[in-house]
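See below for the structure under consideration.
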Amino acid sequence: MTRTRRSEYPDSPQVGVGAVLVRDGRALLIKRASPPSQGMWAIPGGRLELGETLQQAAERELCEETGIIARARNPIYTFDVIQRDETGRVRFHYVIVDLWMEYVAGEIRAGDDAAEASWVTPQELSTLPVHPATRVLLNQVMVSQPMDTSVPEMPLPHYSPRIVELLSAARAWLREEPGSINRLKAAVRALEE
Numbered sequence: 165m166t167r168t169r170r171s172e173y174p175d176s177p178q179v180g181v182g183a184v185l186v187r188d189g190r191a192l193l194i195k196r197a198s199p200p201s202q203g204m205w206a207i208p209g210g211r212l213e214l215g216e217t218l219q220q221a222a223e224r225e226l227c228e229e230t231g232i233i234a235r236a237r238n239p240i241y242t243f244d245v246i247q248r249d250e251t252g253r254v255r256f257h258y259v260i261v262d263l264w265m266e267y268v269a270g271e272i273r274a275g276d277d278a279a280e281a282s283w284v285t286p287q288e289l290s291t292l293p294v295h296p297a298t299r300v301l302l303n304q305v306m307v308s309q310p311m312d313t314s315v316p317e318m319p320l321p322h323y324s325p326r327i328v329e330l331l332s333a334a335r336a337w338l339r340e341e342p343g344s345i346n347r348l349k350a351a352v353r354a355l356e357e
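All residue numbers for the sequence shown refer to my numbering, where the first residue is 165 and numbers rise by one.
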């Protein structure tokens with residue numbers, strides 16, 4: 165029997181991922197364009213797809229929603245998002261696993277279900293409508309960033325062969341020459357043309 169997974173009024177909780185990316189003291193956030201939490205600022209992320217690892221889902225969602233290519237590291241935070249309708253019935257129930265991300269390449273642009281995407285300072289974060297669990301996490305990581313980013317080599321997500329080729333090249337360049345990020349940026353720009 166084939167069963168369709170619904171995000172609204174589900175039969176069971178849905179697993180979602182968040183991609184936590186902080187650079188130069190600023191966190192990458194999106195303004196959600198659709199429910200749940202439409203209009204709220206959030207860590208980029210979404211539902212885990214069948215056959216995907218948490219890391220693959222975080223990398224895919226970050227790229228789809230922001231245009232940024234990053235490598236997923238360890239899970240750093242887990243929480244529930246449960247929204248009920250006026251009758252008390254569960255309208256949405258997500259178990260969210262946030263993963264620490266390591267920037268590889270790209271310039272931000274809102275995509276997929278993101279109305280906006282922006283690098284946000286801790287001061288700006290305090291003024292934005294953000295889920296309380298997200299605010300706690302970001303306040304912690306933007307100040308201290310005590311994350312263990314060690315992770316075994318992961319297979320690349322199910323991107324097109326050209327994207328996989330670029331990501332593989334990026335990993336090799338960054339290992340051999342940390343200053344090679346400019347070559348990587350040029351390769352990404354060439355792909356976008």
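For every residue, glycine included, the Cβ atom is placed at its ideal position computed from N, Cα and C.
Remember, predicted model here, so these are calculated numbers, not experimental data.
8 Å or more divides the Cβ of Y258 from the Cβ of L301.
The C-beta of P286 has fewer than 16 other C-beta atoms within 10 Å across all chains shown, which makes the residue exposed. Residue state for T242 is assigned as strand, using DSSP reduced to three classes.
Separation of G209 and A221 (C-alpha to C-alpha, rounded to the nearest whole angstrom) is 8 Å. Assignment of beta-bridge partners to S282 by DSSP yields L193. A residue is called buried when at least 16 other Cβ atoms come within 10 angstroms of its Cβ; G189 does not meet this threshold and is exposed. The secondary-structure analysis by DSSP pairs L212 with nothing; it has no beta-bridge partner.
Around the CB of I246, fewer than 16 other CB atoms lie within 10 Å, so the residue is classed as exposed. The three-state reading of DSSP puts M204 in coil, since its state is none of H, G, I, E or B.
For H257, the pairing in a beta bridge is given by DSSP as I246. I233 places its beta carbon 8 Å or farther from that of V181.
Check the Cα spacing between V179 and each of E213, S198, P199: the tightest is with E213. A183 and L263 have their C-alpha atoms some 5 Å from each other. Beta-bridge annotation (DSSP): A183 is paired with L263. Inclusion of I272 and T298 in the CB contact set at 8 Å is not warranted, their separation being larger than that value.
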